[in-house]
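Protein sequence lines, in the order shown, are assigned to chains A and B. If you use my numbering, the first sequence corresponds to residues 1 to 331, in order. If you use my numbering, the second sequence corresponds to residues 332 to 652, in order. Glycine included, C-beta positions come from ideal geometry on N, C-alpha and C. Keep in mind it's a predicted model, so treat the numbers as computed, not measured. In what follows, a structure is listed as structure tokens, so that the remarks can point back to it.
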Amino acid sequence: MSDLTRPALATRTFDLFGFLSRYGTLVALALLIAFNLAFTRNFATLQTLNVNLTQVCTIVIVAVGMTLVIATGGIDLSVGSLMAISGALAPMIFMSKIVPIDNIYLAVAIAMLVSVVVAGLFGLFNGWLVAYFRIQPIVATLVLFIAGRGIAQVLTNGNLQTFTVPQFQWIGLARPFGIPAQVIIMAILVLAAAWVLRRTLFGRSILAIGGNEKAAQLSGIAVAKVKLAVYAITGLCAGLAGLIVIAINSSSDANLVGLGSELDAIAAVAVGGTLLSGGKATIVGTLLGALTIQLVRFTLLANGVPPAAALVVKAAIIAFAVWLQQQNRSR
Amino acid sequence: MRRVELIRTIGTYGVVIALAALVLFGFLRYDRFLSTFNVMSVLRYNSMFALVSLGMCFVIMTGVIDLSVGAVAAMGSVASALASPYGLAPGLAAGVFVGLAAGAINGLLVTRAHLLPFIATLATMLAASGTALLLAGNQTVSVSYDSGFIAFGQGNFSIFPVPAVFALLAYMLGSVVLNFTSFGRTVLAIGGGEDATRLMGLEADRVKFIVYLASGGLAGLAGVILAAQFGAGQPIEGVGWELFAIASVVVGGTLLTGGMGSVGTTLAGVLLLGILFNVLNFENGLGWISLSAYWQSVIRGLFLLVVVILQAKLAGTRVAI
């Protein structure tokens with residue numbers, strides 16, 4: 001910044017739009033934190049941090065998969081319903097409603113594995129529709145958005161499943177070294193996905209497909225396989241998020257688990273700076289986007305703004321953030 | 332071009348044939364399926380979805396999307412419930428007005444701020460949902476039963492439910508607009524290829540704005556019916572309506588890529604998805620099977636699946652990208 005005070009550089013116009021659209025999310029996050037440090041009581045405590053992180057976790061986990069899908073130029077509306085399916089399935093297995101399993105550890109392990117894999121398979125189904133039938137992603141995933149929650153409700157007959165199974169609930173309640181378990185899972189996922197996207201052939205293929213599918217195909221990328229994989233990964237992420245949600249709640253309600261989370265995840269991705277048309281994506285941006293949206297909500301609620309008004313503000317922020325990014329792109 | 336014609340034909344007749352088959356199935360299997368009471372109840376209940384889907388049909392034909400309709404309908408129901416003590420006309424006006432306002436915001440965000448339709452209408456959805464809760468004070472708002480307002484949802488013209496008559500009129504108007512006005516042709520032209528439309532000198536932005544305005548207004552009207560039919564403005568109703576409307580439009584044979592579609596078959600799509608639920612209820616009533624209401628989502632999803640796969644197959648591998 002000291003450069004700007006020198007007369008020689010004074011003529012250089014500071015590209016405000018360019019700066020904001022590139023670092024806007026980070027700036028917004030910094031401003032929010034500064035505001036909270038100044039005005040919100042008890043903000044700088046470990047508890048506040050943990051509350052915010054645990055609330056944002058499931059959205060980030062879903063949004064990591066969503067980022068990959070959006071990077072290929074697609075979208076996945078079914079993630080909330082897939083969360084409901086895995087959330088419905090897991091308790092049925094570890095509470096031995098399907099087959100009796102004596103050892104609780106074995107039961108929990110099978111429950112987690114099966115429900116996440118099932119969600120992944122449904123994701124694969126999405127990918128199959130998109131890649132092999134060339135159905136528009138928004139319509140292809142609409143099928144499971146509608147049917148998926150229905151499947152979860154049919155599985156449980158719409159009943160609430162309650163449970164107290166610490167062997168399972170560590171995924172949402174345990175705090176090794178004071179850090180919530182799901183935050184650790186989230187961090188690992190974010191790092192892994194960021195690495196994959198930047199450093200691996202698979203990651204570069206994802207971006208190439210989103211940038212120009214035909215060119216990617218011609219340059220020898222197995223477009224269909226990559227698409228299958230990203231939708232399956234998103235399904236797996238959604239399945240995992242579903243488990244965390246029910247672990248925190250000690251109950252699973254197929255009508256509610258994951259409701260609306262597809263839109264939360266998409267908003268996080270968009271605010272984070274990933275192009276919704278594909279071809280450019282940032283996992284860390286998605287994390288920052290989700291944190292920003294969460295912190296906006298927290299800031300408003302902590303300062304006495306009613307939740308409904310917070311929704312309106314959230315909407316304005318999403319629209320503004322995306323608008324800002326587009327200003328840079330269009331020039 | 333011929334291939335597109337073929338899809339159109341199958342899209343058109345497919346849904347009508349499926350609807351006819353379902354009605355026939357219901358008529359042969361259940362005693363009271365075609366009783367006046369049942370038919371009118373189905374029409375009354377589905378008129379809300381029909382209105383929302385009509386707006387969505389135009390939106391999709393223009394090549395864009397509107398995710399806000401469910402939340403806007405909820406907002407409309409609250410606004411009309413709040414205005415209902417002053418009579419039917421003020422209640423109706425309030426609901427439609429907030430819908431138009433939301434539609435105008437969508438239109439401006441898309442045509443002036445150049446936001447992607449998906450994100451713009453997602454933001455409006457959140458804002459409308461928040462506004463509905465604010466207006467309603469986080470609870471359902473009872474409508475006035477003395478002012479004549481509820482007639483709009485519960486009343487009849489002779490034997491026909493008032494909301495169904497309005498929905499039918501809206502579809503007739505929509506059909507005329509689409510098929511016999513330059514506006515309608517422009518809608519399809521924009522969906523077919525926006526750049527080409529601009530080069531031809533058609534005002535794409537103006538048409539898009541009007542389409543969003545109409546979609547918002549129709550969602551607001553659906554909200555009025557919601558309030559009048561169930562006696563309350565419901566700020567948290569309408570979740571997922573947008574996606575069911577999209578499903579109805581797609582089942583009706585309108586391509587999601589825009590540029591092609593039909594108003595009449597959208598209505599058939601709405602009725603098809605609505606009657607499925609009705610048939611399920613009757614089937615349960617027979618006592619042979621007991622499928623919970625939750626199966627309706629699964630069956631609707633399967634229907635949508637069959638339709639989109641058929642569309643994709645018929646379109647070959649190129650059209651539906």
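{"Item": "Proximal residues of chain B, C-beta to C-beta of residue 167(A) below 9 Å", "Value": "Simply none; closest approach about 30 Å."}
{"Item": "Which of helix, strand or coil DSSP assigns to residue 470(B)", "Value": "coil"}
{"Item": "Residue(s) in a DSSP beta bridge with residue 492(B)", "Value": "487(B)"}
{"Item": "Residues near residue 598(B) in its chain [Cβ-Cβ closer than 7 Å; skip 5 each side]", "Value": "381 and 502"}
{"Item": "Residue 347(A) classed as buried or exposed, judged by whether at least 16 other C-beta atoms fall within 10 angstroms", "Value": "The shown model of chain A, from 1 to 331, leaves out residue 347(A), and the question about it has no answer."}
{"Item": "Per-residue DSSP class, three states only, for residue 162(A)", "Value": "strand"}
{"Item": "Ordered list of alpha helix (DSSP H) runs contained in the segment 339–379 of chain B, each at least 4 residues", "Value": "none"}
{"Item": "As assigned by DSSP and simplified to three states, the class of residue 1(A)", "Value": "Residue confidence for residue 1(A) is low, a pLDDT of 39 falling below 50, so the modelled location carries little weight; the figure read from the coordinates is stated next. Residue 1(A): coil per DSSP, three-state reduction."}
{"Item": "Within 8 Å, strictly: CB atoms of residue 172(A) and residue 247(A)", "Value": "yes"}
{"Item": "Three-state class that DSSP yields for residue 222(A) in the structure shown", "Value": "coil"}
{"Item": "Listed by chain order, chain B residues near residue 323(A) by CB distance under 7 Å", "Value": "444 and 446"}
{"Item": "C-beta neighbour in chain B for residue 272(A), strict 8 Å", "Value": "no"}
{"Item": "CB contact flag (residue 367(B), residue 481(B), <8 Å)", "Value": "no"}
{"Item": "Burial state of residue 617(B) (16 or more Cβ within 10 Å)", "Value": "exposed"}
{"Item": "Pair within 8 Å by beta-carbon distance, residue 146(A) and residue 635(B)", "Value": "yes"}
{"Item": "Stretch pair the segment 65–85 of chain A + the segment 261–269 of chain A: three plus CB contacts closer than 8 Å", "Value": "yes"}
{"Item": "Below-8 Å beta-carbon distance, residue 546(B) vs any chain A residue", "Value": "no"}
{"Item": "Residue ranges of each alpha helix (DSSP H) within the segment 91–166 of chain A, 4 or longer", "Value": "104–132 and 137–156"}
{"Item": "The segment 502–512 of chain B in contact with the segment 376–395 of chain B per 3-pair CB rule at 8 Å", "Value": "yes"}
{"Item": "Residue-level contact to chain B via CB, residue 149(A), 8 Å cutoff", "Value": "yes"}
{"Item": "Below-8 Å beta-carbon distance, residue 157(A) vs any chain B residue", "Value": "yes"}
{"Item": "Neighbour flag for residue 35(A) against chain B, beta carbons, 8 Å", "Value": "no"}
{"Item": "Beta carbon of residue 28(A) nearer than 8 Å to that of residue 274(A)", "Value": "no"}
{"Item": "With 16 other Cβ atoms within 10 Å as the buried cut-off, status of residue 397(B)", "Value": "buried"}
{"Item": "Per-residue DSSP class, three states only, for residue 252(A)", "Value": "strand"}
{"Item": "DSSP three-state assignment for residue 381(B), whether helix, strand or coil", "Value": "helix"}
{"Item": "Where the alpha helix (DSSP H) containing residue 272(A) begins and where it ends", "Value": "261–272"}
{"Item": "Alpha-carbon spacing of residue 324(A) relative to residue 444(B), whole angstroms", "Value": "10 Å"}
{"Item": "Beta bridge counterpart(s) of residue 564(B) as assigned by DSSP", "Value": "472(B)"}
{"Item": "Exposure of residue 100(A), with buried meaning 16 or more beta-carbon neighbours within 10 Å", "Value": "exposed"}
{"Item": "Proximal chain B residues relative to residue 263(A), where beta-carbon distance stays under 9 Å", "Value": "398, 453, 456 and 457"}
{"Item": "Residue-level contact to chain B via CB, residue 131(A), 8 Å cutoff", "Value": "no"}
{"Item": "Any chain B beta carbon closer than 8 Å to residue 309(A)", "Value": "yes"}
{"Item": "Separation of residue 604(B) from residue 301(B), as counted between CA atoms", "Value": "Coverage of chain B is limited to positions 332 through 652, which leaves residue 301(B) absent and any answer about it impossible."}
{"Item": "DSSP state of residue 528(B) mapped onto helix, strand, coil", "Value": "helix"}
{"Item": "Inter-residue CB distance, residue 411(B) and residue 555(B) (contact presumed, cutoff 8 Å)", "Value": "4 Å"}
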